[in-house]
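Engineer: Quick one: the structure is below, and I'll ask about it shortly.
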Amino acid sequence: MKKSLQSNELTLGVCYYPEHWPEELWEDDFRRMRELNISVIRMAEFAWSIMEPEEGRFDFGFFARVLDLADRHGLQVILGTPTATPPAWLTHKYPETLNASKEGVLYRHGMRRHYNYSSPKYRELCARVVRNMVLAYKDHPAVIGWQIDNELNCEINVFYADADHAAFREWLKERYGTLEALNKAWGTVFWSQTFTDWEQVYLSRPTVNQSINPHLALDEKRFISANTISFAKLQADIIRELAPNQWITTNGMFGHLDNHEMTERLLDFYSYDSYPQFSTIFPGQDEHPLMDRAWSMNLTNVRSISPNFCIMEQQSGPGGWVDRIGMGTPRPGQIRLWTYQSVMHGADLVVYFRWRTATMGTEIYWHGINDYHNQPNRRVAEVAQIGGEFAKIGTEIAGTAYQADIAIMQDYDNNWDGELDEWHGPLGWQSMLAWFKQLQYRHIPADLVTLRPTSTLEELLPYPIIVYPHPAIMTDETAELLTRYVEQGGKLFFGARTGYKTPEGHCAMRPFPGPVAGLCGITVEDFTLVKGTTPAAELHWEGRLEAGTPAKGFNDILKVEHPDTEVIAEYASEYYRGKPALTRRAVGGGEAWYYGAAYSEPVVDAILDELGQRSPVADWLELPAEVELGIRASADASYVFLLNYAGEPAVVRAGQTVKELLSGEELEGEISIPPYGVLILQTSR
Ligand code: GAL
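Right, dumping it as structure tokens:
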């Protein structure tokens with residue numbers, strides 16, 4: 001059972017940094033928050049030097065005053081543990097707590113997240129400040145829950161301090177038992193890398209050409225994830241012990257961390273920080289980037305951890321640091337649009353970042369709801385509107401769940417292995433985006449599923465279609481699970497480079513696609529990376545694809561091995577012209593598909609046509625491509641969210657009378673959604 005935020009209403013909150021402002025302002029701030037229907041604040045997550053101004057001397061008076069005042073104003077409080085920002089006294093006295101670059105150069109005081117998870121001293125000091133903090137505040141009536149640290153693995157997700165190398169060795173001893181087993185797993189016989197003493201083993205260090213043993217590189221990421229979780233556990237255990245009735249979460253989704261495992265083991269639910277403008281400053285290289293709507297892919301991933309979650313930081317103004325990440329300002333309506341983007345995907349608690357823009361420090365351009373001048377502005381007015389709407393619709397929407405029939409599947413091992421391995425890594429992202437975009441444009445809601453060692457058939461069967469594009473690492477156990485999924489009616493899609501690697505990242509001595517060759521009824525008889533002057537072959541799929549459509553990224557040249565396997569599309573150029581490129585094999589009630597390349601939008605489009613896959617609202621609602629559809633439903637009601645990401649009105653057509661929840665109006669026929677506008681149509685199930 002996935003862990004979700006439990007809430008009876010949609011709730012608005014805001015990140016507040018009382019330490020950034022004169023105390024005289026707090027009261028007015030809290031009064032105005034309540035006017036906007038903000039009922040939660042998150043604070044204290046960077047305030048270690050206030051709570052422990054010098055080693056071992058604790059002073060919890062400052063936030064106690066804030067808590068008292070918050071409580072008087074009816075505000076509930078999420079407290080963040082301050083361990084993302086070790087104070088100067090700490091790192092000065094204990095430099096071994098600092099993180100280091102691959103070269104061993106320490107990252108010094110002056111930013112944040114400059115510590116490592118392995119230093120026993122850092123763990124000791126973190127445990128002590130967290131214990132004292134929880135003891136000081138746990139009985140305060142305003143406190144509802146705890147955020148551990150802040151954005152674990154943000155800013156940097158690799159750790160090379162001395163303590164990390166030592167902890168890695170211990171982790172490897174646990175995993176492999178003997179040096180012989182480690183040597184085997186890492187294939188160290190290659191290039192005389194064999195270790196004869198554990199002390200010779202390190203996390204990656206500078207090497208010629210920066211190339212490293214790929215099996216070490218994969219284990220390094222697994223170790224970082226385990227180490228991050230163990231650091232979070234230290235804090236979670238203390239909070240659970242002392243404050244068993246308050247919830248525990250943490251925010252963010254960053255590299256080298258198995259967030260699914262962390263949530264399952266430590267948290268009550270997962271939280272995420274939503275800044276859709278990141279997708280507009282790095283829009284990607286495809287022709288029609290989804291822009292801020294691409295952020296829905298991240299929210300979809302968050303939902304795969306906690307179906308109902310908290311947005312711990314929701315963008316509420318233009319973002320930017322002094323020296324990087326400058327963003328354009330949200331246009332009128334976009335803060336509201338992005339808030340409903342979060343809600344549509346499952347957020348029941350949305351906390352804005354931040355109440356007021358900081359007047360000093362690195363984030364003087366990361367704008368909050370209020371400007372420096374603290375006078376009324378359009379962002380405050382927009383939040384007031386959202387606050388009013390949450391009050392109106394919040395109890396209906398909270399607790400309902402996003403509905404999807406298609407899942408795109410991924411797993412941590414392949415994502416981590418693919419960071420280094422350019423023979424499969426880049427394909428994953430291309431295929432994922434192609435599927436996600438086409439499903440978005442065709443208004444077919446999709447989930448992301450992360451396949452884990454604990455995944456069960458019951459978790460997969462609700463999806464009639466699963467796309468698992470490039471699982472290079474694949475075990476026979478996984479293949480077995482997927483075979484049962486297909487036998488019981490699932491349609492499963494693979495892409496190039498499936499099933500050729502072992503969990504250690506070795507290439508298996510068996511025909512591709514290894515464990516699923518039988519399921520797909522094919523083998524790969526030849527293959528080529530598509531790169532530089534090696535072109536992508538063209539595809540031939542009569543009636544479905546335009547002549548000249550390329551098979552992008554990689555070309556697996558397929559050979560049919562089973563009489564039931566149908567060739568759906570062929571390569572139409574290159575020396576392998578006429579050979580199978582896309583195959584389908586009916587197995588039990590389902591189908592196993594194999595595509596020899598990275599999925600692209602035209603190919604996904606053709607497949608969806610072939611499957612006859614339609615939007616769940618197709619019978620009664622016509623939607624233009626620029627509108628995102630999402631459906632949240634309870635046992636007896638469905639809420640159809642329509643989000644217009646465009647700066648012009650979008651016209652939709654409803655074939656039946658429906659109630660629009662935000663306005664309370666009954667609508668039918670042609671309906672215009674204003675620029676950046678939102679509709680929530682209520683239907684019975
Ligand atoms: C988040 C972080 C916040 C703030 C915000 C804007 O990643 O959690 O503390 O820094 O970004 O930069």
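Residue 629 in the working numbering sits at position 629 of the sequence shown, and the numbers go up by one each step. For each residue, glycine too, the CB sits at the ideal point set by N, CA and C. Values in this document were obtained by computation on a predicted structure and should not be read as measured data.
(1) Consult DSSP for glutamate 23 and reduce its assignment to one of helix, strand or coil.
(2) When DSSP labels each residue in this structure, what does serine 296 get in the three-state scheme?
(3) Just to confirm before moving on: does the CB-CB distance between valine 343 and leucine 10 stay below 8 Å?
(4) With a threshold of 7 Å, establish whether the CB of cysteine 154 neighbours any heavy atom of the ligand GAL.
(5) I'd like to confirm the pairing. Which residues does DSSP put opposite tyrosine 686 in its beta bridges?
(6) Identify, in the order they occur along the chain, each residue of the same chain with its Cβ nearer than 6 Å to the Cβ of proline 87, setting aside the five sequence neighbours on each side.
(7) How would you write the range of the beta strand (DSSP E) that proline 580 sits in, first residue to last?
(8) For tryptophan 247 and methionine 432, I'd like the C-alpha separation in whole angstroms.
(9) Tell me whether glycine 490 counts as near the ligand SAH, meaning its Cβ is closer than 7 Å to at least one heavy atom of that ligand.
(10) Phenylalanine 254: beta carbon under 7 Å from a heavy atom of the ligand GAL?
(11) DSSP state of valine 524, grouped into three classes?
(12) Of the choices Phe62, Lys138, Glu19 and Ser230, whose alpha-carbon is the least far from that of asparagine 116?
(13) Work out the CA separation of glycine 399 and proline 272 for me, nearest whole Å.
(14) Please check the pair methionine 297 and phenylalanine 436, which I expect to be a contact at CB under 8 Å, by giving their CB distance rounded to whole angstroms.
(15) Quick check on this structure: which residue in Leu482, Ser4, Glu241 and Phe527 has the alpha carbon closest to the alpha carbon of arginine 497?
(16) Any heavy atom of the ligand GAL closer than 7 Å to the CB of phenylalanine 353?
(17) Identify which residue in Leu216, Val604 and Glu220 has its Cα closest to the Cα of histidine 506.
(18) Is it buried or exposed for glutamate 151, if we count other Cβ within 10 angstroms and need 16 for buried?
(19) The ligand GAL and aspartate 273: does any heavy atom of the ligand fall closer than 7 Å to the residue's C-beta?
(20) Got a sec, what are the start and stop residues for the alpha helix (DSSP H) valine 143 sits in?
(21) Within a Cβ cutoff of 7 Å, which residues of the same chain sit near methionine 253, ignoring the five residues on either side of it in sequence?
(22) With distances taken Cα to Cα, identify the nearest neighbour of glycine 690 among Glu610, Thr359, Pro276 and Ala517.
(23) Considering only residues of the same chain and omitting the five flanking positions on each side of glycine 74, which have a CB-CB separation below 8 Å?
(24) What does DSSP give as the partner residues of tryptophan 247 in its beta bridges?
(25) Just confirm the distance between the C-beta atoms of glutamate 45 and alanine 84, as a whole number of angstroms; I'd bet it's less than 8 Å.
(26) Are there 16 or more other CB atoms within 10 angstroms of the CB of valine 66, so buried, or fewer, so exposed?
(27) Under the three-state reduction of DSSP, which class applies to alanine 625: helix, strand or coil?
(28) Mark methionine 474 as exposed unless 16 or more other C-beta atoms lie within 10 angstroms of its C-beta, in which case mark it buried.
(29) Which term fits tryptophan 191, buried or exposed, when burial requires 16 or more other beta carbons within 10 angstroms of its beta carbon?
(30) With which residues is alanine 734 paired in a DSSP beta bridge?
(31) Consult DSSP for methionine 409 and reduce its assignment to one of helix, strand or coil.
(32) What's the C-alpha gap between aspartate 564 and leucine 582?
(33) What are the boundary residues of the beta strand (DSSP E) that includes arginine 378?
(34) Would you tell me roughly how many angstroms separate the C-alpha atoms of arginine 205 and leucine 529, rounded to the nearest one?
(35) If you draw a straight line from the C-alpha of phenylalanine 62 to the C-alpha of glycine 13, how long is it?
(36) Please report the distance separating the alpha-carbon of isoleucine 673 from that of methionine 291.
Structural biologist: Based on what the coordinates show:
(1) coil
(2) helix
(3) yes
(4) yes
(5) One cannot answer for residue 686 here, as it falls past the ends of the chain, which runs 1 to 685.
(6) Trp48 and Ser49
(7) Here the beta strand (DSSP E) through proline 580 covers 580-587.
(8) When only Cα atoms are considered, tryptophan 247 and methionine 432 end up about 34 Å apart.
(9) The ligand SAH is absent from the structure shown, which contains only the ligand GAL.
(10) Incorrect: phenylalanine 254 has no Cβ contact closer than 7 Å to the ligand GAL.
(11) strand
(12) Ser230
(13) Note that residue 272 is tyrosine in the sequence shown here, rather than proline. A direct Cα-to-Cα measurement between tyrosine 272 and glycine 399 gives close to 17 Å.
(14) 5 Å
(15) Phe527
(16) Placement of the Cβ of phenylalanine 353 at a distance of less than 7 Å from at least one heavy atom of the ligand GAL is found.
(17) Leu216
(18) buried
(19) yes
(20) That residue, valine 143, is in no alpha helix (DSSP H); its beta strand (DSSP E) goes 143-147.
(21) Asn259, Tyr272, Asn298, Asn301 and Val302
(22) Residue 690 lies beyond the range of the chain shown here (1 to 685); nothing can be said about it.
(23) Closer than 8 Å at Cβ, skipping near neighbours: Arg34 and Ser39.
(24) Gly145
(25) 7 Å
(26) buried
(27) Coil at alanine 625, not helix or strand.
(28) buried
(29) With fewer than 16 other Cβ atoms within 10 Å, it is exposed.
(30) Residue 734 falls outside the range modelled here, since the chain spans only 1 to 685, and no answer is possible.
(31) strand
(32) 14 Å
(33) Looking at the DSSP string, arginine 378 is not in any beta strand (DSSP E); the run it does join, the alpha helix (DSSP H), is 378-397.
(34) Distance from the CA of arginine 205 to the CA of leucine 529, rounded to the nearest whole angstrom, comes to 29 Å.
(35) 21 Å
(36) 19 Å
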